[in-house]
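Below: the structure, in structure tokens.
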Amino acid sequence: AQRVTQPEKLLSVFKGAPVELKCNYSYSGSPELFWYVQYSRQRLQLLLRHISRESIKGFTADLNKGETSFHLKKPFAQEEDSAMYYCALVEAAGNKLTFGGGTRVLVKP
Amino acid sequence: NAGVMQNPRHLVRRRGQEARLRCSPMKGHSHVYWYRQLPEEGLKFMVYLQKENIIDESGMPKERFSAEFPKEGPSILRIQQVVRGDSAAYFCASSPRTGTSYEQYFGPGTRLTVT
Numbered sequence: 006a007q008r009v010t011q012p013e014k015l016l017s018v019f020k021g022a023p024v025e026l027k028c029n030y031s032y033s034g035s036p037e038l039f040w041y042v043q044y045s046r047q048r049l050q051l052l053l054r055h056i057s058r059e060s061i062k063g064f065t066a067d068l069n070k071g072e073t074s075f076h077l078k079k080p081f082a083q084e085e086d087s088a089m090y091y092c093a094l095v096e097a098a099g100n101k102l103t104f105g106g107g108t109r110v111l112v113k114p
Numbered sequence: 018n019a020g021v022m023q024n025p026r027h028l029v030r031r032r033g034q035e036a037r038l039r040c041s042p043m044k045g046h047s048h049v050y051w052y053r054q055l056p057e058e059g060l061k062f063m064v065y066l067q068k069e070n071i072i073d074e075s076g077m078p079k080e081r082f083s084a085e086f087p088k089e090g091p092s093i094l095r096i097q098q099v100v101r102g103d104s105a106a107y108f109c110a111s112s113p114r115t116g117t118s119y120e121q122y123f124g125p126g127t128r129l130t131v132t
């Protein structure tokens, strides 16, 4: 069965510092990987898809199939990046999202 | 477009009572997903429905839980004879069509507390 692991429950960084959120997955096929974000008092929303290979709000994520990882990175964190971040996968041609446990990012001024 | 609506936002039930959670998908969306988030955990898939059909209920507990998405009206997640372990946040998401599971738009969630 597929599984997504986010080893850090909390990441605290200073504004302007780099931030990297780790995500590892286990799945035998070719999954699609995503990062979702939930800002305070807002609903969960899609941040990135690995297929699109784009940078959103300065965040990038590269799928490493050899290491089965999909880490999220931003070179210069901003206070507005403080939020809960969830890594998720969906199996090929599948429908349900499998989420990691989430990482809370706190960006201090 | 008001987005995915869920009500109530907070629900308190005593052990043994029934809980009914409602989800209205985004306009034009015919696919609904329910997820449960226990305290300090990530969201876990429960069920995937299309209008009048349950497509995948592999994440639903075998007993007491049921879901429907009728031709008219919202999707309903029903929990009978609630127990303390059912206390969680329940999220609904919707997507426009088959094969677009990544385009899941989430509702604000219903926080169920069982006393």
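Just so you know, the protein sequences line up as chains A and B, in that order.
Note that the first sequence ends on residue 114 in the numbering used here; no numbers are left out.
Note that the second sequence ends on residue 132 in the numbering used here; no numbers are left out.
Each residue gets a CB set at the ideal place from its N, CA and C atoms; glycine is no exception.
Cβ-Cβ distance between residue i and residue j below 8 angstroms
i: glycine 106 (chain A); j: glycine 59 (chain B); result: yes
i: leucine 16 (chain A); j: threonine 108 (chain A); result: yes
i: serine 83 (chain B); j: arginine 101 (chain B); result: no
i: glycine 124 (chain B); j: alanine 110 (chain B); result: yes
i: leucine 4 (chain A); j: phenylalanine 62 (chain B); result: In the structure as shown, chain A begins at 6 and stops at 114. Residue 4 (chain A) is therefore absent and cannot be evaluated.
Residue i versus residue j - alpha carbon distance
i: asparagine 24 (chain B); j: serine 74 (chain A); result: 36 angstroms
i: glutamate 96 (chain A); j: alanine 106 (chain B); result: 24 angstroms
i: arginine 26 (chain B); j: arginine 128 (chain B); result: 6 angstroms
i: glutamine 121 (chain B); j: valine 64 (chain B); result: 14 angstroms
i: glutamate 74 (chain B); j: threonine 10 (chain A); result: 23 angstroms
i: cysteine 40 (chain B); j: serine 47 (chain B); result: 12 angstroms
i: tyrosine 91 (chain A); j: tyrosine 41 (chain A); result: 5 angstroms
i: alanine 66 (chain A); j: arginine 58 (chain A); result: 8 angstroms
Proximal residues of chain A, C-beta to C-beta of residue i below 9 angstroms
i: tyrosine 107 (chain B); result: Near tyrosine 107 (chain B) there are no residues of chain A at all, since even the closest Cβ is about 13 angstroms away, more than 9 angstroms.
i: proline 56 (chain B); result: By Cβ distance, chain A contributes nothing, its closest Cβ being about 11 angstroms from proline 56 (chain B), past 9 angstroms.
i: isoleucine 72 (chain B); result: Asn100
i: glutamine 34 (chain B); result: In chain order: nothing, as chain A lies at least about 27 angstroms away.
Nearest to residue i (by Cα), restricted to the options the options
i: phenylalanine 86 (chain B); options: B:Glu80, B:Gln97, B:Leu66 and B:Ala105; result: B:Leu66
i: arginine 37 (chain B); options: B:Ser92, B:Pro56 and B:Ser75; result: B:Ser92
i: leucine 111 (chain A); options: A:Ala22, A:Gln11, A:Ala93 and A:Trp40; result: A:Ala22
i: leucine 53 (chain A); options: A:Glu85, A:Leu77, A:Asn69 and A:Cys28; result: A:Leu77
i: alanine 82 (chain A); options: A:Lys70, A:Asp67, A:Ala66 and A:Pro114; result: A:Pro114
i: lysine 70 (chain A); options: A:Lys14, A:Phe104 and A:Tyr30; result: A:Tyr30
Closer than 9 angstroms at the beta carbon, the chain B residues around residue i
i: tyrosine 91 (chain A); result: Gly59 and Leu60
i: glycine 106 (chain A); result: Glu57, Glu58 and Gly59
Amino acids of chain A, ordered along the chain, whose beta-carbon sits closer than 8 angstroms to that of residue i
i: proline 125 (chain B); result: Arg48
Neighbouring residues, chain A, relative to residue i (Cβ below 7 angstroms)
i: glutamine 121 (chain B); result: Leu102
What beta strand (DSSP E) runs, 3 residues minimum, are completely inside the region 62 to 125 of chain B?
70 to 73, 82 to 85, 92 to 96 and 105 to 112
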